[in-house]
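Chains as they are written, first to last, in the working numbering: chain A, 237 to 391; chain B, 237 to 391. First the structure, in the form of C-alpha cells, and then the observations on it.
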DNA sequence: TATTGTTATACTCTATAACTATA
DNA sequence: TATAGTTATAGAGTATAACAATA
C-alpha cells in the first residue's frame, strides 16, 4: 500500500476534511490581516451584497444558529464594519448593513481571498476548477433538508 | 444575484466548508450505528492497515495532535476494538493493533461508509468522481509543510 | 401565542505546556 | 538530553433552552 491511509483515500469525506483543514488554516491566516475570521468574512460579504438583511435570515443563509451569529455580529460591529439598525416596520428586528469602512475592508479581503484561492487551485484548468465547485455543490445538495429557496430583500 | 451568498460561491473554501459539514453530519450518523465517530473510524482503519503502528506515527498520518489521539484510542480500547501493547524494543511506546472484533467492525463500517459515499457522489461519473479526489488531494498538498513521506512498518 | 434577538450553557474539536517513564 | 505517551487546560466552533421586547 503506497500510503498508510490509502483505504481512507477512497472516501470523499476524508479527502475533503484534509483539504478543508489546509484551506481553513491558510484563509484564516490571510484574513487575520483584516481582523477577520472565515465566519466574520462570510457574514461581511453577505451583508454587503444584501443590505437591510435581518439576522435570522443571515443565519439561514450561512447555515449557522442564531445565537452564534450574535457574537459574530458583535465582532463586526465592534470593528466598525457592520451596522445593526432597528427595523422601522418590525421593531424586534435589526437591518444589517456595512459601513463605509466595512465596504472597503470587504473589497480588499475578497481580493486577498480570491488571490489565495487562485494559488490553491493552481494546477487545475478553468474547467477542472468549475467541475470542483459543481461537485461540491452537488454534495451539499444531497444533504439538504433545506429551505434555502427564499429570496432576500435588497435595498 | 441568484443566491444571497453568490459572491462566496466563487471560493472553494466556502463550497468545501458547506459540502463537508453535510458529509460530516451524514457520515457520523452512519458511524453511530457502530459506536464510531469520524476520527475513531479513521484511526481504526489506519491501525487495521498498519499493525504495530505507534501513536506518534498515527497522529502524523491523521494530522492530529498526540494529546488528542490519546482520548480517541481510549475510546477504541474501551470498545474492545483496538489494543495498545508495550513495544519490546522501546518500552516507552505502544504497538497498536485491532482486535478480532475491531477487524469485523472496521470491515462493516468501511462498507457502510462506502455505500454512503456512493450516495453522496451519485450523479457524478466515475471520471468526475476521480477528478474530485484528485482536486482535493492537490489542494491538500498546496498547504503541506509536511513530512508525510515516511513509510510505516507492517507486521 | 409566535417571533427577533439575546443570554447562558454545554459539548465537541483542536492546540499547547508540562508531566512520567523510558531511552 | 531527548522521545513516547499522557494530563491538564484553554480556545474555537457549534448546538439547545430560556428570556425580554415586540408582533
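Idealized CB from N, CA, C, for every residue including glycine. Nothing here was measured: the structure is a model prediction, and the numbers come from that model.
So, under 8 angstroms CB-CB, residue i and residue j are touching, yes? Tell me the CB distance rounded to an integer number of Å.
| i | j | result |
| --- | --- | --- |
| residue 270 of chain B | residue 345 of chain B | 5 angstroms |
| residue 282 of chain B | residue 294 of chain B | 6 angstroms |
| residue 179 of chain A | residue 338 of chain B | Lying before the first or after the last residue shown, residue 179 of chain A is absent from chain A, which here runs from 237 to 391. |
What is the rounded straight-line gap between the Cα of residue i and the Cα of residue j?
| i | j | result |
| --- | --- | --- |
| residue 291 of chain B | residue 275 of chain B | 14 angstroms |
| residue 340 of chain B | residue 378 of chain B | 36 angstroms |
| residue 324 of chain B | residue 360 of chain A | 48 angstroms |
| residue 329 of chain A | residue 245 of chain B | 27 angstroms |
| residue 303 of chain B | residue 285 of chain A | 43 angstroms |
| residue 251 of chain A | residue 373 of chain B | 6 angstroms |
| residue 375 of chain B | residue 247 of chain B | 13 angstroms |
| residue 321 of chain B | residue 301 of chain B | 21 angstroms |
| residue 392 of chain B | residue 289 of chain B | The first residue shown for chain B is 237 and the last is 391, placing residue 392 of chain B beyond what the model contains. |
| residue 353 of chain B | residue 258 of chain A | 22 angstroms |
| residue 356 of chain B | residue 356 of chain A | 24 angstroms |
| residue 351 of chain B | residue 336 of chain B | 23 angstroms |
| residue 239 of chain B | residue 326 of chain B | 58 angstroms |
| residue 364 of chain B | residue 305 of chain A | 36 angstroms |
Nearest to residue i by CA position, among the options, is which residue?
| i | options | result |
| --- | --- | --- |
| residue 343 of chain B | B:317, B:252, B:301 and B:243 | B:317 |
| residue 307 of chain B | B:327, B:254, B:356 and B:279 | B:279 |
| residue 297 of chain A | B:371, B:324, B:369 and B:242 | B:242 |
| residue 267 of chain A | A:322, A:250, A:348 and A:289 | A:348 |
| residue 228 of chain A | A:309, A:351 and A:350 | Outside the shown range of chain A (237 to 391) lies residue 228 of chain A, about which nothing can therefore be said. |
| residue 277 of chain B | B:300, B:312 and B:254 | B:312 |
| residue 253 of chain B | A:299, A:350, A:315 and A:357 | A:299 |
| residue 319 of chain B | B:350, B:287, B:326 and B:327 | B:287 |
| residue 315 of chain B | B:334, B:305 and B:326 | B:334 |
So if DSSP puts residue i in a beta bridge, which residue, or which two residues, is it bridged to?
| i | result |
| --- | --- |
| residue 258 of chain B | Residue 258 of chain B is not bridged to any residue. |
| residue 333 of chain B | B:319 |
| residue 374 of chain A | The partner list for residue 374 of chain A (beta bridge, DSSP) is empty, contrary to what the question assumes. |
| residue 289 of chain B | B:332 |
- Item | Short-range partners of chain A found in the segment 254-282 of chain B, where Cβ spacing is below 9 angstroms | 254, 255, 256, 257, 258, 259, 260, 261, 262, 263, 274, 277, 278, 281 and 282
- Item | Within 8 angstroms of chain B by C-beta, residues of the segment 324-337 of chain A in sequence order | none
- Query: Residues in the segment 348-366 of chain A with C-beta within 9 angstroms of chain B's C-beta atoms, listed in sequence order?
  - Reply: 349, 350, 352, 353, 355, 356, 357, 358, 359, 360, 364 and 365
- Query: When Cβ atoms are compared, which residues of the segment 368-379 of chain A fall closer than 7 angstroms to chain B?
  - Reply: 368, 369, 371, 372, 373, 374, 375, 376, 378 and 379
- Taking any Cβ of chain B, which residues in the segment 237-254 of chain A have a Cβ under 9 angstroms from it, in chain order? 237, 239, 240, 241, 242, 243, 244, 245, 246, 247, 248, 249, 250, 251, 252, 253 and 254
- Where the segment 283-315 of chain B meets chain A: residues whose CB sits under 7 angstroms from a CB there: 285, 286, 297 and 299
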